[in-house]
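To convert, note that position 254 of the sequence shown is 242 in my numbering; the numbers rise steadily by one, no gaps. For every residue, glycine included, the Cβ atom is placed at its ideal position computed from N, Cα and C. Model, not experiment: these values are computed from the prediction. Here is the structure we will look at, set down as structure tokens.
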Amino acid sequence: MWKAAFRCDYKHIPTAEGFFKHFVIPATWADARLRCSLEGATLASPLNPNIEAEMKHIIQIYFTSESEIFTGFHATISQGNFYSIEGTPLSEISLAWAENEPNNVGNNENCITFNANGEMADRSCNEPRPYICFRSAEIKTEVNECGTIDSEYKLDQRTNSCYKFHTVPRTFTGAHFACSAEGGHLAIINSNVEATVLRELFAKYPSGTMFGSFRKDFAFVGFHDWGETADWRTIHGQTLEEAGYKKFASGEPNNATTGEYCGGILRTALLCDLWCERPAPFICEKKRNHPHICLPLEQAAFRCDYKYSSEANGWFKHYLIPATWADAHLRCALQGAKLASPLNDKMVTEMKIIMQKFFNPDSEIFTGFHATFSRGNFYSTEGVPLSGLSLPWAEKEPDNVGNNENCITLNVDGEMADRSCDEPRPYICFRSADIKTEVNECGTIDPEYKLDKKTDTCYKFHTVARTFSGAHFACSAEGGHLAIIKSDVEAAVLKKTFAKYPINKILGSFWRDVAFVGFYSWPQSSDWRTIHGLTLTETGYNKFSPGEPSNSTPGEFCGSIYRSALLNDLWCERPAAFICEKKRDFPPILRPTSNKGSCSDSRPTPGHREFFSQINGEVEFHESRRFDITVDYSKMTALSKTHEMRPIERSGHCVQLIAREGIIK
């Protein structure tokens, strides 16, 4: 006897003769229909008593009591003519209507909902609601070697991955949506071999085989400019270099017309930037046996301001000061970590412990789960789908208020909610011990930091352009600060560093002969000081390029250098390259075999004294400024409550206070 087969994230119900999958995160009717279709199913409709019974059962178990779910019945083609996705007219269904329904409010209620009592209502198709997908067992299909019923996915033995070329063009968001729904993701090129695989795949689809008025020599793949500042990363958060392939076509990326922030390939498999909102073909990839297994690394090492958890097999650092999801993600990424997600029971336990110790009881923290690429497709920053988790939702969640809640939060009870990504929240960064890394002589896992013996300081040149504020953010997150030139010797070091990056090595349409460093006009009145408050003369280097500072156009209040290492004033809000510096022993490095999570003393630097104290209040600092804090004076020498100091967080509860000689007595 023939047996039906389908994706195992669908549940087979023999009485209903089909497979069901429910979605609690609300979506518009169009998005719900599209997702079901791309998964090889249809938006479920109560076409017979058995399907109706199963739909009511799912609503009662998984949805709130007042939930109304979308059905496949709609009148989006012509008003008032309601049909199911399969073509069954609504007039043939004998279900009851809810009280005062249908009423067609505003002459705009063209979709039919279904509640736990088995009653229907007409509703707006654009108001997000939960839904159920259904696939009939009468549809005979075979699961192929790619673990899917989709015959267009083909396995390539060279990469052990499956690929599908989509000739129906979509926007970048739509392409991401489609690949996600099919159980994969937009193709990420990890090697020259994989680039060859995609080039050969593209060649199978000459322009004549694709119908429509769109450019047929480009295809979307899985990378984009995360902050629209030439920070090109894969959709899983890696830089192209980390992913293993960063070969752009000549002259690319060029943002030739505004909006080219999404990644694509030419037929040569060389990379290019494409318009995100202009439909194009695209390539999906999926693993044949996802998820894969990772083996742990015994002697991993990471920053001491992260606390190691052997149970969760990784390092954690929490942030009390709320940030938007984008800023939280960026800070964690710049530190070599990820925005923490409750991916397994041990991660959930550790995240709940941190929240219970350090956060308010009613706090919700951002997790790495987001749907910022395409609505409703929630993945962690590692690429794990939210559908793979079994965590409960908070009461009346998810509700997708305003169709704009694209980030997932976690509360102290281990419950999730969908929230706006732009509403600032606290968060936790996490780095897995499975990631094999070597700590270099600069005391960091970042290989781009290089030690210069002449200054005994490490430097990194950032080719991804940022505003002055963004550059300061990046250097701080990496454990350093924007480079401060203290001598002619150090100026020569930065000149040499800059020379290693000629214009053709810096991608993007910005001025590539200047780079931000650590000084600016504090009150915007030609009082040029370092970001640590010293005048340039006090610092030891005050050599401006002839005619500078000029403030030639309004807004040149931030400091930079030319390739000559002579100083220049630059527009603060226009992205530019920048140079970070860090001490080789900060932040200290912790191995899991040493005193777990403790703050170790770092070697004092000349002209500074270092003090450590438990903070009695929940405070966190990120830049030089005047501030008031409450400290345990028994652990410190005489100190007034207000001083010009630079506190640096050393762990979740330790802070290092650094003051210039003469301020602390």
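According to the DSSP assignment, Lys493 belongs to no beta strand (DSSP E), since it is labelled neither H nor E. Under DSSP, Trp303 shares a beta bridge with Tyr296, Arg419. As DSSP reads the structure, Met108 sits in a beta bridge with Trp85, Phe102.
Counting along the chain, Tyr550 sits inside no alpha helix (DSSP H); it lies in the beta strand (DSSP E) bounded by residues 546 to 550. In this structure Val156 is exposed. Its beta-carbon is surrounded by fewer than 16 other beta-carbon atoms within 10 angstroms. Beta-bridge pairing by DSSP links His224 to no other residue. Taking a C-beta distance under 8 Å as the contact criterion, Leu259 and Ala237 qualify as a contact pair. In the assembly as shown, Val181 is an exposed residue. Its beta-carbon has fewer than 16 other beta-carbons within 10 Å. Between Cys272 and Tyr367, the C-beta spacing is not below 8 Å.
For Gly196, same chain residues with a beta-carbon under 8 Å away, outside a window of 5 residues either side, do not exist. Distances from the CA of Ser538 to each of Ala41, Asn556, Glu526, Arg551 were compared; the closest alpha carbon is that of Asn556. For Pro2, the number of other beta carbons within 10 angstroms of its own is below 16, and it is reported as exposed.
Here the C-alpha atom of Gly356 lies approximately 44 Å from the C-alpha atom of Asp476.
Around the beta carbon of Gly68, fewer than 16 other beta carbons sit within 10 angstroms, so the residue counts as exposed.
Nearest Cα to Phe190 within the set Gly162, Tyr249, Ile253: Ile253. DSSP lists Trp381, Leu398 as the beta-bridge partner residues of Met404. Distance between Asp213 and Gln226, taken at the CA atoms: about 11 Å. Going by beta carbons, Ala564 and Trp510 fall outside the 8 Å limit. Sixteen is the threshold: when 16 or more other Cβ atoms of the shown chains lie within 10 Å of the Cβ of Lys9, as they do, the residue is buried. Beta-bridge annotation (DSSP): Asn114 is not paired with any residue. The DSSP assignment places complete alpha helix (DSSP H) segments of no fewer than 4 residues inside the region -5 to 45 at 17 to 26, in order along the chain. DSSP places Val336 outside any beta strand (DSSP E); the residue lies instead in the alpha helix (DSSP H), whose first and last residues are 333 to 346. By the neighbour-count criterion, in which a residue is buried when 16 or more other Cβ atoms sit within 10 angstroms of its Cβ, Ser72 is buried. When the alpha-carbon of Tyr529 is set against those of Leu554, Glu56, Phe206, the nearest one is in Leu554. Excluding sequence positions up to five before and after Arg319, its CB lies within less than 6 Å of the CB of Ala465, all in the same chain and listed in chain order.
Each of His460, Trp220, Lys571 was checked against the Cα of Gly547, and the nearest Cα belongs to His460. Contact between Met339 and Leu398 holds, since their C-beta atoms are separated by about 6 Å, short of 8 Å. By the neighbour-count definition (other C-beta atoms within 10 Å, threshold 16), Thr525 is an exposed residue.
For Ser149, the enclosing beta strand (DSSP E) stretches over residues 149 to 158. Fewer than three beta-carbon pairs drawn from the region 362 to 380 and the region 438 to 452 are found closer than 8 Å, and the two stretches are therefore not classed as touching. The three-state secondary structure of Phe456, taken from DSSP, is helix. DSSP places Tyr141 in the coil class of the three-state scheme, outside both helix and strand.
With contacts defined as CB atoms closer than 8 Å, Phe211 and Leu186 fail to qualify as a contacting pair. Excluding the 5 residues flanking it on each side, Thr222 has same chain C-beta neighbours closer than 6 Å at Ile176, Gly210, Phe211, Ala231, in chain order.
Of all C-beta pairs linking the region 380 to 396 to the region 421 to 432, fewer than three are shorter than 8 Å, placing the two stretches out of contact. Membership of Asn180 in the alpha helix (DSSP H) is indicated by the continuous run 180 to 191.
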